[in-house]
Each structure stands twice: as structure tokens, then as C-alpha cells.
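In full-length UniProt numbering, the protein residues as written are 1 to 502. Yeah, the Cβ is synthetic: ideal placement off N, Cα and C, and Gly gets one too.
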């Protein structure tokens, strides 16, 4: 007998296409022959990439219903008779026709899942009971352009796949649609990116004309949207855990090898992130050997690595836009000298104690943890014979913050205050470091050593979860892997579905 399905979200208008997603089944099949889909889109969707997205998912790991819930939560924070207008990012060019990989505006992506440039998202709050209208202005279908640049989703796809109530070709409708939207709403949420793109200038002009003499209330949406993005859903946490697991295992693979130059180590890790299932690197890797490690964001990665030095690596992968962020430091030759070991253990001690504070029940803010880390680091340095240190002396050797929020952005939602108490569902990094200069104020055997140890921590009520626990960091574990030239942790290469990894 055929099963019947009852949808528990009556407010969500499910198109036939989306409904088919929920009624289909997901199965792993051998890749014998490519099946042609009658549906085309400008990004991966289940119908064209069923090995990557499960039924109902709009982006990797995130259901279309969750995107609608995000929009509804945003509307609950908006004024009545208001609208929010968000621009996508534009394609950026290195030179001439050579473009960079496209990176979507993460506020736009968070609310829609849309990953094409030259688009505008509009959400209007219609009433007290949270009714809203979701409109998209997107690039229209164009056979000539699509032959060169790939498929576009178009207006119909924006409605059928992305659940927009209305969608228009941005080339022909930007002025008319926005003029109408601004005219009928009293409060307008907008964030002027300050760039010179055609859309930015056009929107600013329409907004100014609509607001002139009309007593409009202009607000920036970054604060209210940042508060939503700060707290991760179970689906978001699952994706970030997968990215952390893959990236952590990649580090273990690197520990088991010997490298002669920074560039090769960077390339090795980036290859492992992608072959392990990540969709990209989360950021430009830092691979800093010797005194290069004293530069916190050293990304040249062009030096040779000497046998008696340590190498500091800050690199990690991302899945579906969600970032992991890992730093590890280890000896190039596989064996810690005693001074290296002492400094490393000092940083590790601070990191482990700070991680234990990452529980909502502790009532700590990120700033509270940072202040605690400075105090702990000062004590560790005194134990090493670097005495008579004031807090500002410690901060010259440990000059950065203990951590930051993590999510779609590596430094996620800067609008969220570091003085707010940590909440269940937040993900933060804990990354103390020491950077010892070539200076007479410190013993010679400690000089020119930079160490940072970083993990991603999901906040629970009375506990926490280390999302990057696979990357070993205890000295005995590092030396065991480096001396054996192998790691016991399994690493899956050429991964198709990153969320299925055990």
C-alpha cells in the first residue's frame, strides 16, 4: 500500500518539485551512467547532485524548511510594516576575464541558500501574526551566457526550488520592484556595502528617492540577523562537526609525513580537506615555520622548513559554506626539544583549561574566557622562568584574542558582542598562543618560536563538544604519529558524501 505523507509545516507553500524531494528516497548507487535531469540550476540541488544533497535539502545538510524557519524568525524581530533588502555578492575579478571563486554574501545565503551573484533578496513583514512575503530578484535564464558560464536558476527556479513567493529578472525589474517595496513599507532594513557595483548604486538611489520626504525609518539588519546566525541549529552543528572531523584527520595525515617547504605542506592539507569531503578550504592557510610563526597571519607559505624548527599551521576545511578552524604546531623533524616542549605544553595547558569553561551554565562570556586565558598564560610563563610579567607584558607575547564565533564566516557574526554570556548552540574557537621574539628579555632557547593551538567548541548547557577533536595535540600523541610515520585514525579519500563519514 502506498504511504501517505502529512506535512507539519502548513505555512510553507511546497511546490511540486520540493514535494517530490520529500517523497523520494536516497540510495547509494554505483556510478555507471549519468542520469539526465530535466531540471537545471545554478548550483547543486538534489535533482542534479543526489549524491551530495539528500531529499528536501536546499544546500548540503540544510533542509528547505529550515531556510523558511530562518526567514520567519527574522520576521519576528522586524517592525510591523517593514522590509529587509539584502544584496548578494558580485563576482570579483583578479584581472581581465580571470575571476576569483564566487563567495556569496553570508547573510543572503543564510536566509535563502542561493549561491549565485547579482541577486537581491526582499522579505516583507505583512502583519502582526508573522505573515511575510519573500521576493527574489535574480539573473534571468540566458542560453548564450549559460553556454559560457554555466546554468542559471532563473526566476522560475527561485520560486520552485528556493520557495520565493515572487521572483523577477533583476536586469529588467530592479527599479520597479524596489520602488514599490520601499513605497509600501515604513521601516526599511538595509546594509549599504559601500561598493560601486551597479546594483549597490541603483538600490541606494531608489532608497534615497523613496525615503525623501516620506518619513521612512532606516535600520541596519546586521544586528538582528547576527543574533540569529550566532546560535547554530542541530543541522548546522552536524555540518560543522563533519568539517572539523575531516580537517582534524587531515592534520594527523600531515603529522605522519616529513615536509621540506611550507608550500608543500599547505598543498597537502588543502588536498586532504577536499579529498576527505570538504567543499573548499575555509580560508587561506597559514603555514609558518621557524621565525615566520611570529607573524600571526603569515600566508606567504614560501619558505623552506629547517630540521630544528617548529611549524605553526592554521588551516581547515568548510562544507556547504560552514567553516572549521584548526591550528596546530609541531616540530619539523618529529621530535620536540625541551624548550619547544615546555612552551608547547604551556599553551596546551591554557587551551585545555579554557575549553572547560565553555559551558552556558558557567555564565562566562568570550571576553571572560579571554581574561582568564591571559592570567593562566602569565602563570605558565612564570613557571618557565619568564618572571615579573604584568598583563600587558603577557599580551605582548600573546597578542590576539582567545577566540571568536565560527559559522558561515570564519570570524562569524562580528555584530555579536564578545561580552555577551555564551549560549547553548554557539560555536567558538579556543586558540591561545605564544610568540616569542628574538629579544634579550626572554631566554635564548625560547626565542623565535611561535605556537598556537586551536579547536572549535560547541557550547552546551552543562557540557561542551570539541568539533575538531580528531586533530591530536598531546605531545605523546604527536611524537608517536611522527615517529611511526602513520596514524591509526582512518582517513577516507575521494569522499562523495561528507555527512556520512563515521
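Boundaries of the beta strand (DSSP E) harbouring residue 458: 455 to 459, taken from the DSSP string. In this model, residue 77 and residue 226 are separated by some 12 Å (Cα to Cα).
Looking at 331, 420 and 334, the one whose alpha-carbon comes closest to that of residue 360 is 420. For residue 402, the secondary structure class from DSSP, reduced to helix, strand or coil, is coil. Residue 144: member of the alpha helix (DSSP H) spanning 143 to 149, first to last residue. Shortest Cα-Cα distance from residue 282 to any of 416, 164, 436 and 266 involves 266. Ranking 106, 143, 142 and 80 by CA distance to the CA of residue 128 puts 80 first. As DSSP reads the structure, residue 435 sits in a beta bridge with 450. Residue 51 is classed as exposed because its beta carbon has fewer than 16 other beta carbons within 10 Å across all chains shown. Here residue 415 has 222, 223 and 226 as same chain residues with Cβ atoms under 7 Å from its own Cβ, once five neighbours each way along the sequence are excluded. Distance from the Cα of residue 363 is smallest, within the candidate group 245, 172, 243 and 459, for 459.
According to the DSSP assignment, residue 408 belongs to no alpha helix (DSSP H), since it is labelled neither H nor E. Counting along the chain, residue 354 sits inside the alpha helix (DSSP H) bounded by residues 338 to 355. In this structure, the straight-line span from the alpha carbon of residue 255 to that of residue 481 is close to 6 Å.
One thing to note: residue 395 has its Cβ no nearer than 8 Å to the Cβ of residue 424.
Buried is the label assigned to residue 189, since at least 16 other Cβ atoms lie within 10 Å of its Cβ. From the listed residues 96, 135 and 297, the smallest Cα separation to residue 180 is found for 135. Taking a cut-off of 8 Å on C-beta distances, the segment 140 to 159 does not touch the segment 194 to 210, as fewer than three cross pairs fall below it. Residue 98 and residue 108 have their C-alpha atoms roughly 25 Å apart. Apart from sequence neighbours up to five positions away, the residues of its chain that approach residue 389 with a beta-carbon distance below 7 Å are 378, 381 and 382, ordered along the chain. Taking the CA atoms as reference points, residue 485 sits about 19 Å from residue 246. In this model, residue 118 and residue 87 are separated by some 8 Å (Cα to Cα). Boundaries of the alpha helix (DSSP H) around residue 265: 262 to 275. Counting C-beta pairs closer than 8 Å gives fewer than three between the segment 425 to 441 and the segment 301 to 309, which falls short of the contact rule. When Cβ pairs closer than 8 Å are counted between the two stretches, the segment 161 to 180 is seen to touch the segment 56 to 68, the count reaching three or more. Inter-segment contact for the segment 456 to 472 and the segment 288 to 308 is absent: fewer than three beta-carbon pairs are separated by less than 8 Å. When DSSP states are grouped into helix, strand and coil, residue 137 belongs to the strand group. In chain order, 102, 103, 104, 105, 108 and 117 place their CB closer than 8 Å to the CB of residue 89, counting only its own chain and leaving out the 5 sequence neighbours on each side. Under a 10 Å Cβ-count criterion, residue 499 is classified as buried, with 16 or more other Cβ atoms of the shown protein chains found around its own Cβ. The segment 469 to 476 and the segment 407 to 414 do not touch, with fewer than three beta-carbon pairs separated by less than 8 Å. Taking 4 residues as the minimum length, the segment 108 to 137 contains no alpha helix (DSSP H) run wholly inside it.
A distance below 8 Å separates the beta carbons of residue 279 and residue 319. Rounded to whole angstroms, the gap between the alpha carbons of residue 444 and residue 426 is 41 Å.
Counting only residues of its own chain and dropping the five nearest sequence neighbours on each side, residue 45 has a CB closer than 8 Å to the CB of 39, 53, 58 and 161. The beta carbon of residue 42 sits closer than 6 Å to the beta carbons of 116, 151, 152 and 153 from its chain, once the five residues preceding and following it are set aside; these are given in chain order.
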